[in-house]
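So the sequence shown is numbered by this note's numbering: it starts at 37 and just counts up by one. Below is one structure; the comments refer to it alone.
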Amino acid sequence: MTRCYIGLGSNLEHPAAQLKTALARMREIPQTQVLRCSGFYASAPIGPGEQPDYVNAVASLDTELNAETLLDALQAIENLHGRERVLRWGARTLDLDILLYGNETLDTARLCVPHPRMSERNFVLEPLAELAPDLTMPDGTPLQTLLAQCPFNRLHRLE
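In structure tokens, the structure reads:
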């Protein structure tokens with residue numbers, strides 16, 4: 037089993053409900069067990085144009101799936117939620133990102149792990165620290181170091 041951390045985000049069509057439904061669907065992924073989910077956090081959007089604020093969370097899971105098979109399962113859940121990939125960093129019903137896949141570093145045409153921009157996003161690091169405060173990145177950097185250096189993005193915990 038590989039311990040993974042998944043970033044969840046939504047800013048369309050009742051974002052908190054989107055995240056709750058996505059978590060329920062993640063529990064149905066074969067050979068995978070969702071362990072915990074952080075609280076939900078509101079954050080300012082990053083991206084083009086006027087967008088509503090996001091609701092974000094991080095879930096921890098154990099899986100026997102390889103990283104790309106897990107990605108396929110997560111993208112299938114996004115599609116069930118009406119995810120449209122029209123504009124990079126545009127508004128979305130659901131975004132599920134593999135933040136960490138065990139202690140592996142992956143760089144394929146479809147997947148980069150650790151997530152390449154997670155160190156710049158407090159809406160990823162805060163909920164991740166809630167689940168695993170003593171976590172160390174695959175390159176040896178402590179999560180707390182990344183969190184201390186991360187830019188502020190109007191983040192607050194919702195629940």
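Where a beta carbon is used, it is the ideal one built from N, C-alpha and C, also for glycine.
Proximity of residue i and residue j at Cβ, strictly below 8 Å
i: G75; j: R193; result: yes
i: R90; j: P150; result: Here the sequence assigns Tyr to residue 90, which means Arg is not the residue at that position. No. Outside cutoff.
i: L101; j: A112; result: no
Residue i burial status per 10 Å Cβ neighbour count (16 or more: buried)
i: I82; result: exposed
i: H117; result: buried
i: Q185; result: exposed
i: N158; result: buried
i: M37; result: exposed
i: T181; result: exposed
i: A95; result: buried
i: T68; result: buried
i: T172; result: exposed
i: T144; result: exposed
Member of the options whose CA lies at the smallest distance from the CA of residue i
i: C148; options: Y90, K56, I134 and L179; result: I134
i: N92; options: V70, R39, R128 and A103; result: R128
i: P66; options: L107, L48, Y90 and D89; result: L107
i: R115; options: L132, A103 and E100; result: The question names Arg, but residue 115 is Asn in the sequence shown. Among L132, A103 and E100, the Cα nearest to that of N115 is on L132.
i: R61; options: L97, E86 and M37; result: L97
i: G43; options: L136, P88, D170 and N102; result: L136
i: L55; options: E86, G45 and E64; result: G45
i: F188; options: R39, T177 and S79; result: S79
i: A168; options: E49, L183 and E156; result: L183
Integer-rounded CB distance, given that residue j should sit under 8 Å from residue i
i: Y77; j: E162; result: 6 Å
i: L164; j: L179; result: 6 Å
i: E104; j: R146; result: 6 Å
i: N47; j: P88; result: 5 Å
i: L130; j: A58; result: 6 Å
Residue-chain proximity (residue i, chain B), Cβ-Cβ < 8 Å
i: V70; result: Checking the listed chains, one finds no chain B in this structure; it contains a single protein chain.
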